[in-house]
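Engineer: Structure incoming, see below.
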Amino acid sequence: MKRILISIVLAISALIIVSCGQDKTREPGYIVQVSIGDWHSCNYNPEDVIARIEEVSKIIPVEKVMVGWCLEREPYEKIGAYLHKKGIQFILYLPIFSEIEDMFQARPAVDLWGGLPPEELMAKVSGFRFNCPVDPVTYDSITAIFEKNFKDLDFDGVFLDRIRTQSFVGGVSGVFECGCPECAEKYMESGVNLETVRDEYEKEGDAFFSVEGYTPAEGFRFVNPVADAYFKAKGAIVSSQICRLADYFRNQGMLVGFDLFAPIVSQFVGQDYALLAQHADFIKPMLYRITDAPAGIGYEYELIRKSVPQAEGYGPLVMDLDFLKGQLEAMKDLPCKIYPGIEINRSGTIVNSTPEYLVESIRELIDYGCDGAVLSWNIMQAPDENIAALRSIE
Numbered sequence: 006m007k008r009i010l011i012s013i014v015l016a017i018s019a020l021i022i023v024s025c026g027q028d029k030t031r032e033p034g035y036i037v038q039v040s041i042g043d044w045h046s047c048n049y050n051p052e053d054v055i056a057r058i059e060e061v062s063k064i065i066p067v068e069k070v071m072v073g074w075c076l077e078r079e080p081y082e083k084i085g086a087y088l089h090k091k092g093i094q095f096i097l098y099l100p101i102f103s104e105i106e107d108m109f110q111a112r113p114a115v116d117l118w119g120g121l122p123p124e125e126l127m128a129k130v131s132g133f134r135f136n137c138p139v140d141p142v143t144y145d146s147i148t149a150i151f152e153k154n155f156k157d158l159d160f161d162g163v164f165l166d167r168i169r170t171q172s173f174v175g176g177v178s179g180v181f182e183c184g185c186p187e188c189a190e191k192y193m194e195s196g197v198n199l200e201t202v203r204d205e206y207e208k209e210g211d212a213f214f215s216v217e218g219y220t221p222a223e224g225f226r227f228v229n230p231v232a233d234a235y236f237k238a239k240g241a242i243v244s245s246q247i248c249r250l251a252d253y254f255r256n257q258g259m260l261v262g263f264d265l266f267a268p269i270v271s272q273f274v275g276q277d278y279a280l281l282a283q284h285a286d287f288i289k290p291m292l293y294r295i296t297d298a299p300a301g302i303g304y305e306y307e308l309i310r311k312s313v314p315q316a317e318g319y320g321p322l323v324m325d326l327d328f329l330k331g332q333l334e335a336m337k338d339l340p341c342k343i344y345p346g347i348e349i350n351r352s353g354t355i356v357n358s359t360p361e362y363l364v365e366s367i368r369e370l371i372d373y374g375c376d377g378a379v380l381s382w383n384i385m386q387a388p389d390e391n392i393a394a395l396r397s398i399e
């Protein structure tokens with residue numbers, strides 16, 4: 006009897022460890038992200054992609070490779086065959102609320118005043134127009150695209166990207182997307198009247214966004230109860246649409262992964278970590294500390310400060326390892342695997358990842374107990390010295 010009780014206790018303990026994504030007895034694994042092109046063109050031949058994956062997998066244990074999202078079949082057939090021969094999971098990389106308007110008649114998101122983002126803004130941040138998150142056309146079209154183009158390509162899973170609304174990249178107007186009648190109805194069902202939100206913002210101005218504190222576990226605590234209710238409802242509404250798509254793919258027998266903003270900025274774009282984690286096998290929080298572009302933590306946070314300069318509570322951030330630890334604390338109890346995204350590539354003035362930055366970041370993730378890391382966001386743009394630096398990660 007005593008042995009049985011001990012076995013039960015050990016089993017429960019193991020489940021608790023796994024559910025928190027903090028199994029420190031498990032060797033960390035790595036996910037390689039490959040952006041091979043857009044819907045209409047493939048920028049790399051499969052042999053070059055395979056050679057790069059082979060190079061990386063000789064240095065670190067590669068568990069999964071995410072590839073997307075052009076529609077040419079040959080790259081997937083060749084890359085998939087190679088990965089399965091090596092025992093590496095083959096994951097399809099798909100955008101959801103942005104980058105989809107070339108494929109079907111997606112309805113662009115509007116703000117609380119019914120306006121669209123300025124054309125000059127969209128020209129400046131090409132590829133970051135976001136579409137209505139509750140439009141049923143999105144669900145039907147994404148599943149149709151998958152079934153027509155990808156279903157028979159032997160993918161082990163799918164990684165859902167662009168699963169949010171606009172951030173402060175679109176100014177205050179962007180954060181107030183989407184305010185269409187269908188979204189207004191969803192908010193009303195959640196107890197939030199978008200007309201009240203609009204009126205409260207027009208009355209309060211920047212102060213609408215003031216916060217009285219921040220903790221990794223709770224996020225920002227808004228002073229204004231209308232703002233607090235709005236952002237909670239936004240997280241539930243946007244994330245529930247993603248969960249519905251995730252459930253479709255999981256019912257196909259596929260793993261599901263999510264691309265997420267860092268916790269400190271996720272509230273503003275409709276990403277509810279707790280809800281999303283219940284429908285994911287793994288998440289990739291973008292812990293991009295040196296990216297000077299959308300999804301970069303410092304970039305997005307400074308846009309908050311610039312967009313609502315009179316709002317209180319947004320002190321300066323230092324993108325050091327203590328900050329990184331704080332972001333990891335926000336995810337410690339999630340019931341899915343956690344592979345934070347760390348920049349390995351270089352891309353013009355957008356990101357300049359160095360071996361030192363890469364190694365210190367990944368070591369911090371491993372020491373914390375994450376399941377591994379995603380080498381983001383395109384291994385094909387990784388400089389040779391960054392790949393070589395992976396050898397020094399213990």
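If you're matching positions, the sequence shown starts at 6 in my numbering and goes up one per residue. For each residue, glycine too, the CB sits at the ideal point set by N, CA and C.
(1) Tell me the start and end of each unbroken beta strand (DSSP E) in the stretch 88-121 that is at least 3 residues and wholly inside, in chain order.
(2) I'd like the span of the alpha helix (DSSP H) that includes Ser-245, first residue to last.
(3) If you drop the 5 nearest sequence neighbours on each side, which residues of the same chain put their C-beta closer than 8 Å to that of Ser-172?
(4) Identify the residues that DSSP records as bridge partners of Ile-343: which are they?
(5) Once DSSP output is grouped into helix, strand and coil, what is the label at Lys-401?
(6) Identify every residue that forms a DSSP beta bridge with Gly-262.
(7) Following the continuous beta strand (DSSP E) through Gln-276, name the residue where it begins and the one where it ends.
(8) My understanding is that Val-163 touches Ile-384, with C-beta atoms under 8 Å, so please give their C-beta distance in whole angstroms.
(9) I'd like to check one pair, Leu-117 with Arg-203: are the Cβ atoms closer than 8 Å?
(10) Between the alpha carbons of Leu-459 and His-89, how many angstroms are there, rounded?
(11) Which partner residues of Thr-148 appear in the DSSP bridge assignment?
(12) For the beta strand (DSSP E) holding Ser-46, just list the boundary residues, first then last.
(13) Measure the alpha-carbon distance for Thr-148 versus Asp-376 and round it to whole angstroms.
(14) State the DSSP-derived secondary structure class of Thr-220, mapped to helix, strand or coil.
(15) Would you call Pro-141 buried or exposed, if buried means 16 or more other Cβ atoms sit within 10 Å of its Cβ?
(16) For Gly-346, does the count of other Cβ atoms within 10 angstroms reach 16, so buried, or fall short, so exposed?
(17) Assuming Ala-234 contacts Gly-175 (C-beta within less than 8 Å), just tell me the rounded distance between them.
(18) Hey, Ala-285 and Phe-263: beta-carbon distance below 8 Å or not?
(19) State buried or exposed for Ser-397, treating a residue as buried only when at least 16 other CB atoms are found within 10 Å of its CB.
(20) Who pairs with Ala-378 in a beta bridge, going by DSSP?
(21) Rounded to a whole number of angstroms, what is the C-alpha to C-alpha distance between Gln-276 and Glu-194?
(22) Can you find the residues in the same chain that come closer than 6 Å, C-beta to C-beta, to Ala-232, ignoring five residues on each side of it along the sequence?
(23) At the level of alpha carbons, what is the spacing between Pro-340 and Pro-268?
Structural biologist: This is what the structure gives:
(1) For the stretch 88-121, whole beta strand (DSSP E) runs of length 3 or above, ordered along the chain, are 94-100.
(2) Counting from 1 along the sequence shown, the entry for residue 245 is found at position 240. Per DSSP, the unbroken alpha helix (DSSP H) holding Ser-245 starts and ends at 230-256.
(3) In the sequence shown, counting from the first residue as 1, residue 172 sits at position 167. Closer than 8 Å at Cβ, skipping near neighbours: Gly-179, Val-180, Phe-266, Val-270, Phe-273, Val-274, Pro-299, Glu-305, Leu-308.
(4) What you label residue 343 is simply residue 338 of the sequence shown in a count that begins at 1. Answer by DSSP bridge pairing, in chain order: Ile-288.
(5) With the chain covering only 6 through 399, there is no way to say anything about residue 401.
(6) Here residue 262 refers to the residue found at position 257 of the sequence shown. The partner list for Gly-262 (beta bridge, DSSP) reads Phe-164, Phe-287.
(7) As a first step, residue 276 is located in the sequence shown; it is residue number 271 there, counting from the start. For Gln-276, there is no enclosing beta strand (DSSP E), since its DSSP letter is neither H nor E.
(8) Looking up residue 163 in the sequence shown gives position 158. Looking up residue 384 in the sequence shown gives position 379. Actually they are not in contact, since the Cβ atoms of Val-163 and Ile-384 sit about 19 Å apart, beyond 8 Å.
(9) Here residue 203 refers to the residue found at position 198 of the sequence shown. Here residue 117 refers to the residue found at position 112 of the sequence shown. When the beta-carbon positions are compared, Arg-203 and Leu-117 come within less than 8 Å of each other.
(10) No information on residue 459 is available, as it lies outside the stretch 6 to 399 that the chain covers here.
(11) Start at 1 with the first residue of the sequence shown, and residue 148 comes out as number 143. Bridge partners of Thr-148: none, in fact.
(12) If you number the sequence shown from 1, residue 46 lands on position 41. Annotation: Ser-46 is outside any beta strand (DSSP E) and is labelled neither H nor E by DSSP.
(13) Walking along the sequence shown from the start, residue 148 turns up at place 143. Walking along the sequence shown from the start, residue 376 turns up at place 371. Those two C-alpha atoms are separated by around 29 Å.
(14) Against the sequence shown, residue 220 aligns to sequence position 215. Correct three-state label for Thr-220: strand.
(15) The sequence position of residue 141 within the sequence shown is 136, counting from 1. The residue is exposed, with fewer than 16 neighbouring Cβ atoms inside 10 Å.
(16) Taking the sequence shown and counting its residues from 1, one reaches residue 346 at position 341. Buried, because 16 or more other Cβ atoms sit within 10 Å of the Cβ of Gly-346.
(17) Counting from one through the sequence shown, the residue named residue 234 turns up at place 229. Counting from one through the sequence shown, the residue named residue 175 turns up at place 170. That belief does not hold up - the Cβ atoms of Ala-234 and Gly-175 are roughly 22 Å apart, past 8 Å.
(18) Indexing the sequence shown from 1 puts residue 285 at position 280. Indexing the sequence shown from 1 puts residue 263 at position 258. Yes.
(19) Taking the first residue of the sequence shown as position 1, residue 397 is located at position 392. Counting other Cβ atoms within 10 Å of its Cβ, Ser-397 stays below 16 and is therefore classed as exposed.
(20) If you number the sequence shown from 1, residue 378 lands on position 373. Residue pairing by DSSP places Ala-378 opposite Tyr-35 in a beta bridge.
(21) Start at 1 with the first residue of the sequence shown, and residue 276 comes out as number 271. Start at 1 with the first residue of the sequence shown, and residue 194 comes out as number 189. In a straight line, the C-alpha of Gln-276 is about 19 Å away from that of Glu-194.
(22) Translated into positions along the sequence shown, residue 232 becomes position 227. Closer than 6 Å at Cβ, skipping near neighbours: Phe-213.
(23) Taking the first residue of the sequence shown as 1, we reach residue 340 at position 335. Taking the first residue of the sequence shown as 1, we reach residue 268 at position 263. When the Cα atoms are used, Pro-340 and Pro-268 turn out to be separated by approximately 16 Å.
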